[in-house]
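A.B. asks: Below is the structure I would like to discuss, written out as structure tokens.
Protein chains in written order, with the numbering used here: chain A, 1 to 397; chain B, 398 to 794.
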């Protein structure tokens, strides 16, 4: 390939540097593809007021580079929150603020993954994680799940299979609450069994709890991290979902020796001090009120989507009713090809991501992830009806 | 080593994951070690007002994940600024916003560096870059410099030496304006010769122009990028120095095929939208007024440091008088050991970084980088006098 720039870089690129396919975002009229939270409850005024207050108090700190782990007062807020909400006893020094949870995931993946390493995830998994593990050479294998979460027998089997090839499993990545893309929350019983298996086989767990605050019904299930007294669970969380994704603020909790390695892969210094100050000040006074308001909005959006699924898909499809988070996982009969239909559906006005995109093995083209967080309830309702009409027109419903 | 966490991670770490030594920052009474800009001219009120205005106009965008390249209006501002200030004709799409210039440097290093690759830098080089190139296995070699910048004969010699070992040079990293740590600005004549050599030998240049706005006397020298019509110069810049480091905002300019690879290594999604909105709105109305105000403050600080150096070090040391930026490079007679004295000097009240820290080969323990940007002029004056007393007490002056 001749370089359009004149100079030919082809032979200069690292063997490990793939071409990124991260372009801009396109939006369909009814956009269920991309996982945006609710825009109406964004606390814009609250954030600006909070920032003003925080800057009056601490502003000259902006002249300094943030400490690499990020604003100490926000890390304290995270420690308090994790104690209260996730039964986790962690110290300010155990926490690193990151640019969204995505940066924390990437840092841990880089610290732990060598080319060829076997890494386990749920059978459908967050695209960013799948891409990152592969970027650093990991051999990703999906563990079977049902609506209670990871199926323990499948986990045992897949670990044994790897061991049979002379390979150990390097770690298990899981999103146990409001899983992306499948929507379920892993039950306490399943978490216990998964942790037991991982302990027995010496497999660390990377727990991605980035949706856990978005519960609008049912009871919280305690974190993997809280059930482990052995340092075997690494943990990431996020403010993207409860404040705003544009804030790019998340956090990582890990034992010192893991943090020390992971910090080598933190590209841009400590997180944005401006955003950290605003978020700390805002959440210190408003966290649970804001989360409740947001979750009320999300519940109405989910309900509208579920109602429309019932009316328009009926018995022709299956879906889990999520108790929180942003996702409904639509499962059409085996053999339905929603992968081929995806671009056409987008053109005709409804965006979704088909299941095969989330599968390490490329399975699940009969499934689709529908995100209900951003459109209004009415738009969710109408959009699902429109999706049914598109499916009918193309003979899959 | 037994892991303090119980679970033993030793055998889990990637072979490429070193322990990071990035801890918190300590400050000496007179701190010339860390490169902070002036805190007094931080435009805190201006940034909050700008953010308010921008959020009123565009705030709902915070609900969306930023496009990976970052806020388009800020990229447009960068394009306009580069045209006006650096004679660079670039398009909005050529620009990626990054978390400080450090993230851009890291992304490019990862896109281009394979273990064992020979990479050239100035003989003393920014610590973050040195660490990143080594993290990804690069074999860093320093090119000799004088107060006009890179010495062309040394560049040719070092390229030939690598070729003699059967290796080509993968790229040259340079900070041509107010170099970190040496303080000089590369002359136009030298830039022409360096670019000619790199063209002839097919060596891309990574130009780090992060200090270029901090000129308080003399004439601007045009960028490497502006002299190249072949796509051979990659470019990074920063708002850390002209707004605030805590904002964590910088930018990268590169041909499409390089950007596409580099984007694979952008860990946390697009840059913080909150900071990007504030900086765009603020700079659109205040950029040059603010830069001028800040540079007036920096000039006074530099002058105080230079005056004190003259009075307290006289003929016993050499230093370059920088026309901008943040650094004075102090050169004591060959054989002086400022490396061993560094910690002691810190304890006795004056912080500096000795030259060997910045050298790929560990040379230059007789040199020290003195940052004058953060302390007041009086503190610079007093601190240099104190440094001289410490040097005298320990027999190196």
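Yeah, the Cβ is synthetic: ideal placement off N, Cα and C, and Gly gets one too. Keep in mind that this is a model prediction, so the values were computed, not measured.
1. Ordered along the chain, which non-local residues of its own chain (more than five positions away) have a Cβ less than 6 angstroms from that of residue 400 (chain B)?
2. What residues in its chain sit with their C-beta under 8 angstroms from that of residue 65 (chain A), if we drop five residues either side in the sequence?
3. Note down the Cα distance separating residue 104 (chain A) from residue 783 (chain B), rounded to an integer number of angstroms.
4. For chain E, check one thing: does any of its Cβ atoms lie closer than 7 angstroms to the Cβ of residue 39 (chain A)?
5. Determine the DSSP secondary structure at residue 117 (chain A), reduced to helix, strand or coil.
6. Which whole-angstrom value is the C-beta distance of residue 244 (chain A) and residue 459 (chain B), which I expect to be below 8 angstroms?
7. Can you grab the Cα-Cα spacing for the pair residue 398 (chain B) / residue 408 (chain B), in whole Å?
8. Take every Cβ of the region 85 to 92 of chain A, pair it with every Cβ of the region 313 to 331 of chain A, and state whether three or more of those distances are shorter than 8 angstroms.
9. Does residue 605 (chain B) come within less than 7 angstroms of chain A when only Cβ atoms are used?
10. What distance in whole Å lies between the Cβ atoms of residue 142 (chain A) and residue 361 (chain A), which are believed to be in contact at a cut-off of 8 angstroms?
11. Quick one: Cα of residue 764 (chain B) to Cα of residue 449 (chain B), how far?
12. For the candidate residues A:7, A:15 and A:37, whose alpha-carbon lies nearest to that of residue 240 (chain A)?
13. Can you name, in chain order, every residue of its own chain whose Cβ lies under 8 angstroms from the Cβ of residue 734 (chain B), other than the five neighbours on each side?
14. Mind reading off the beta-carbon distance from residue 621 (chain B) to residue 604 (chain B)? Whole number of angstroms is fine, and I expect it under 8 angstroms.
15. Return the residues of the region 185 to 216 of chain A that lie within a Cβ-Cβ distance of less than 7 angstroms from chain B, sorted by chain order.
16. So, helix, strand or coil for residue 398 (chain B), using DSSP?
17. Checking 7 angstroms against the spacing of the C-beta atoms, do residue 569 (chain B) and residue 631 (chain B) come in under that value?
18. Run down chain A in chain order and give the residues with a C-beta less than 8 angstroms from the C-beta of residue 448 (chain B).
19. In this structure, does DSSP put residue 538 (chain B) in helix, strand or coil?
20. Which class does residue 374 (chain B) belong to by DSSP, given the choice of helix, strand or coil?
21. For a test of the three-state rule: what should DSSP assign to residue 20 (chain A), helix, strand or coil?
22. Could you compute how far the alpha carbon of residue 779 (chain B) sits from the alpha carbon of residue 695 (chain B)?
23. Is the beta carbon of residue 210 (chain A) sitting closer than 7 angstroms to the one on residue 237 (chain A)?
24. Indicate whether residue 124 (chain A) and residue 371 (chain A) have their beta-carbon atoms separated by less than 7 angstroms.
25. Quick check on residue 638 (chain B): does DSSP put it in helix, strand or coil?
26. Would you tell me roughly how many angstroms separate the C-alpha atoms of residue 617 (chain B) and residue 118 (chain A), rounded to the nearest one?
27. Would residue 416 (chain B) be called buried (16 or more neighbouring beta carbons within 10 Å of its own) or exposed?
28. Since I believe residue 350 (chain A) is in contact with residue 28 (chain A) (beta carbons under 8 angstroms), could you give me their beta-carbon distance rounded to a whole number of angstroms?
29. Taking the alpha carbon of residue 181 (chain A) as the point to measure from, which residue in A:122, A:289 and A:109 has its own alpha carbon closest?
30. Just confirm the distance between the C-beta atoms of residue 203 (chain A) and residue 169 (chain A), as a whole number of angstroms; I'd bet it's less than 8 angstroms.
31. Does residue 408 (chain B) come out as helix, strand or coil in the three-state DSSP assignment?
32. Could you give the first and the last residue of the continuous alpha helix (DSSP H) run that contains residue 571 (chain B)?
33. With a threshold of 7 angstroms between beta carbons, is residue 378 (chain A) in contact with chain B?
34. Does DSSP put residue 373 (chain A) in a helix, a strand or coil?
35. Between residue 398 (chain A) and residue 60 (chain A), what straight-line distance do the alpha-carbon atoms span, to the nearest angstrom?
36. Report the rounded CA-to-CA distance for residue 319 (chain A) versus residue 627 (chain B), giving the unit in angstroms.
C.D. replies: Let me spell this out:
1. In the second chain, counting from the first residue as 1, residue 400 (chain B) sits at position 3. Here the model assigns residue 400 (chain B) a pLDDT of 42, short of 50, so the residue's position is not dependable and the matter cannot be decided.
2. As a working mapping, residue 65 (chain A) is identified with position 65 in the first chain. For residue 65 (chain A), same chain residues with a beta-carbon under 8 angstroms away, outside a window of 5 residues either side, are 269 and 270 in chain order.
3. Translated into the one-based positions of the first chain, residue 104 (chain A) becomes position 104. Translated into the one-based positions of the second chain, residue 783 (chain B) becomes position 386. Their backbone Cα atoms lie some 43 angstroms apart in a straight line.
4. Of the protein chains in the structure, A and B, none is chain E.
5. Translated into the one-based positions of the first chain, residue 117 (chain A) becomes position 117. Residue 117 (chain A) falls in the coil class under three-state DSSP.
6. As a position in the first chain, residue 244 (chain A) is number 244, starting the count at 1. As a position in the second chain, residue 459 (chain B) is number 62, starting the count at 1. The beta-carbon separation of residue 244 (chain A) and residue 459 (chain B), rounded to 4 angstroms, stays under the 8 angstroms limit for a contact.
7. Position 1 of the second chain, counted from the first residue, corresponds to residue 398 (chain B). Position 11 of the second chain, counted from the first residue, corresponds to residue 408 (chain B). Low confidence applies here, because residue 398 (chain B) scores a pLDDT of 36, under 50, leaving its location unreliable and the question unanswered by this model.
8. No: the two stretches stay apart, fewer than three of their Cβ pairs being nearer than 8 angstroms.
9. On the second chain, position 208 is the one that residue 605 (chain B) refers to. No, residue 605 (chain B) lies away from the interface with chain A (no Cβ there is under 7 angstroms from its Cβ).
10. Working through the first chain from its first residue, we reach residue 361 (chain A) at position 361. Working through the first chain from its first residue, we reach residue 142 (chain A) at position 142. Contact annotation, residue 361 (chain A) with residue 142 (chain A): C-beta distance approximately 6 angstroms; criterion of less than 8 angstroms satisfied.
11. Taking the first residue of the second chain as 1, we reach residue 764 (chain B) at position 367. Taking the first residue of the second chain as 1, we reach residue 449 (chain B) at position 52. Computed Cα separation, rounded: 46 angstroms.
12. The residue you call residue 240 (chain A) lines up with position 240 of the first chain. Residue 240 (chain A) has its Cα closest to that of A:37, out of A:7, A:15 and A:37.
13. Reading the second chain from its first residue, position 337 is the one you call residue 734 (chain B). Here the set comprises 762, 763 and 793.
14. Residue numbering aside, residue 621 (chain B) sits at position 224 when the second chain is read from its first letter. Residue numbering aside, residue 604 (chain B) sits at position 207 when the second chain is read from its first letter. In this structure residue 621 (chain B) touches residue 604 (chain B) by the C-beta definition: roughly 5 angstroms separates them, less than 8 angstroms.
15. Those residues of the region 185 to 216 of chain A placed with their C-beta closer than 7 angstroms to a C-beta in chain B are 204, ordered along the chain.
16. Here residue 398 (chain B) corresponds to residue number 1 of the second chain, with the count starting at 1. Low confidence applies to residue 398 (chain B): its pLDDT is 36, below 50, so where it sits in the model is not reliable, and the reading given next is rough at best. Reduced to three states, the DSSP call for residue 398 (chain B) is coil.
17. Counting from 1 along the second chain, the entry for residue 569 (chain B) is found at position 172. Counting from 1 along the second chain, the entry for residue 631 (chain B) is found at position 234. Going by C-beta atoms, residue 569 (chain B) is not nearer than 7 angstroms to residue 631 (chain B).
18. Within the second chain, numbered from 1, the residue matching residue 448 (chain B) stands at position 51. What residue 448 (chain B) touches in chain A: 48 and 51.
19. Sequence index remark: in the second chain, residue 538 (chain B) carries index 141 (1-based). Residue 538 (chain B): strand per DSSP, three-state reduction.
20. Given a span of 398 to 794 for chain B in the structure shown, any question on residue 374 (chain B) remains unanswerable.
21. What you label residue 20 (chain A) is simply residue 20 of the first chain in a count that begins at 1. Of the three classes helix, strand and coil, the one that applies to residue 20 (chain A) here is coil, per DSSP.
22. Position 382 of the second chain, counted from the first residue, corresponds to residue 779 (chain B). Position 298 of the second chain, counted from the first residue, corresponds to residue 695 (chain B). Going from the Cα of residue 779 (chain B) to the Cα of residue 695 (chain B) covers about 16 angstroms.
23. Taking the first chain and counting its residues from 1, the one referred to as residue 210 (chain A) is at position 210. Taking the first chain and counting its residues from 1, the one referred to as residue 237 (chain A) is at position 237. Between residue 210 (chain A) and residue 237 (chain A), the gap from beta carbon to beta carbon is short of 7 angstroms.
24. Stepping through the first chain from its first residue, residue 124 (chain A) is reached at position 124. Stepping through the first chain from its first residue, residue 371 (chain A) is reached at position 371. Residue 371 (chain A) is positioned such that its CB atom lies no closer than 7 angstroms to that of residue 124 (chain A).
25. Here residue 638 (chain B) corresponds to residue number 241 of the second chain, with the count starting at 1. Reduced to three states, the DSSP call for residue 638 (chain B) is coil.
26. Mapped onto the second chain, residue 617 (chain B) falls at position 220. Mapped onto the first chain, residue 118 (chain A) falls at position 118. The straight-line gap separating the alpha-carbon atoms of residue 617 (chain B) and residue 118 (chain A) is approximately 53 angstroms.
27. If you number the second chain from 1, residue 416 (chain B) lands on position 19. Residue 416 (chain B) should be labelled exposed.
28. Your numbering for residue 28 (chain A) matches position 28 in the first chain. Your numbering for residue 350 (chain A) matches position 350 in the first chain. For residue 28 (chain A) against residue 350 (chain A), the beta-carbon gap comes to about 6 angstroms, under 8 angstroms, which counts as contact.
29. Against the first chain, residue 181 (chain A) aligns to sequence position 181. Answer by Cα proximity: A:122.
30. As a working note, residue 203 (chain A) is residue 203 in the first chain. As a working note, residue 169 (chain A) is residue 169 in the first chain. Going by Cβ atoms, the distance from residue 203 (chain A) to residue 169 (chain A) rounds to 5 angstroms, so yes, they are a contact pair.
31. Locating residue 408 (chain B) in the second chain gives position 11, counting from the first residue. Three-state DSSP puts residue 408 (chain B) in a helix.
32. Position 174 of the second chain, counted from the start, is the residue given in the question as residue 571 (chain B). For residue 571 (chain B), there is no enclosing alpha helix (DSSP H); the enclosing beta strand (DSSP E) has its first and last residue at 566 to 571.
33. Within the first chain, the letter at position 378 stands for residue 378 (chain A). Answer no: the Cβ-Cβ gap between residue 378 (chain A) and chain B never drops below 7 angstroms.
34. Start at 1 with the first residue of the first chain, and residue 373 (chain A) comes out as number 373. Residue 373 (chain A) falls in the coil class under three-state DSSP.
35. The requested residue 398 (chain A) does not occur in the structure, where chain A is confined to residues 1 to 397.
36. Translated into positions along the first chain, residue 319 (chain A) becomes position 319. Translated into positions along the second chain, residue 627 (chain B) becomes position 230. Cα to Cα, residue 319 (chain A) sits roughly 54 angstroms from residue 627 (chain B).
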